[in-house]
Amino acid sequence: MMTDTYLTFLAYSTELEQESQERYLEIAESMATHGNDEVAGFFHRMADEAGNHLAEVSLLCEGAELPPIKAWEFQWPDAEPPETTSYEALHYRMSLHDAMTLALANERAAEQFYRDYAHNSTDAEVINTANEFADEEKSHAQALELMLEDVPVVSELAREEDDPPMMPE
């Protein structure tokens, strides 16, 4: 039987991965709208990865009723879940390198969140699962670091503006 502490951890994990997937999809669609297809494709892949994590967490939740935590009741280290990209960090002309750097920061933040969760828990099941999730996030960060070595810092788009500034008449 799962403890309340473990169920709360799973609720946090579900929310984290769900928010991550939704944000990555939202960013991907925005980038595609602006013709930044390379970055859109990358964020779609990140959304798929978050979806895979969400599926893993869902399997752990099978047959259990998670506590009904409202969105504003989650206590995250920052204003939003660790694996969500801040809107302020985005630019519709961002390079693939920029996008991967943001995703790397997200993976590291998620790893730290899970490590901290494990460190602050006394529940053995939470500690084990949180450390497993942290290790998984760490491996994703390491993969992104390797990929970043082969990605140019500047893209063709290079944040050039196509449209003239909007000036009042």
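In terms of this note's numbering, the numbers along the sequence shown are unbroken and rise by one, the last being 834.
Just so it is clear, CB atoms sit at the ideal spot from N, CA and C, and this is done for glycine as well.
Which complete alpha helix (DSSP H) runs does the stretch 772 to 828 hold, if anything under 4 residues is left out? 789 to 813
Residue environment, R688, which counts as buried when at least 16 other CB atoms sit within 10 Å: Here residue 688 refers to the residue found at position 23 of the sequence shown. The residue in question, R688, is buried, as its Cβ has 16 or more Cβ neighbours within 10 Å.
When the distance is taken between beta carbons, is T766 closer than 9 Å to I692? The count along the sequence shown starts at 1 and reaches residue 692 at position 27. The count along the sequence shown starts at 1 and reaches residue 766 at position 101. No, Cβ-Cβ distance for I692 and T766 is not below 9 Å.
Going by the CB atoms, is the gap between A736 and E802 shorter than 9 Å? Start at 1 with the first residue of the sequence shown, and residue 802 comes out as number 137. Start at 1 with the first residue of the sequence shown, and residue 736 comes out as number 71. The answer is no: Cβ separation not under 9 Å.
Exposed unless 16 or more other CB atoms sit within 10 angstroms - verdict on Q740: Along the sequence shown, one-based indexing puts residue 740 at 75. When all chains shown are included, Q740 counts as exposed.
When burial is assigned at 16 or more other CB atoms within 10 Å of the CB, is L675 buried or exposed? Numbered from 1 along the sequence shown, position 10 holds the residue referred to as residue 675. The residue is buried, with at least 16 neighbouring Cβ atoms inside 10 Å.
Given that a residue counts as buried once 16 or more other Cβ atoms are within 10 Å of its Cβ, and exposed if not, what is V704? Start at 1 with the first residue of the sequence shown, and residue 704 comes out as number 39. Answer is buried; the Cβ neighbour count reaches 16.
Give the range of the alpha helix (DSSP H) segment to which Y689 is assigned. Taking the sequence shown and counting its residues from 1, one reaches residue 689 at position 24. First-last of the alpha helix (DSSP H) with Y689: D669 to T698.
Nearest neighbour of H718, chosen from T698, Q683 and M696 [CA to CA]: By 1-based counting over the sequence shown, the position of residue 718 is 53. Cα-wise, what sits closest to H718 is Q683.
Mind checking which residues open and close the alpha helix (DSSP H) that includes G728? What you label residue 728 is simply residue 63 of the sequence shown in a count that begins at 1. Counting along the chain, G728 falls outside any alpha helix (DSSP H), and DSSP gives it neither H nor E.
Do the CB positions of F707 and A764 come within less than 9 Å of each other? Within the sequence shown, numbered from 1, the residue matching residue 707 stands at position 42. Within the sequence shown, numbered from 1, the residue matching residue 764 stands at position 99. Their beta carbons are under 9 Å apart, which means F707 touches A764 by this criterion.
Report yes if the CB atom of L731 is closer than 9 Å to the CB atom of L769, and no otherwise. Within the sequence shown, residue 731 is the residue found at index 66, counting from 1. Within the sequence shown, residue 769 is the residue found at index 104, counting from 1. It is not a contact, given that the beta carbons lie outside the stated cut-off.
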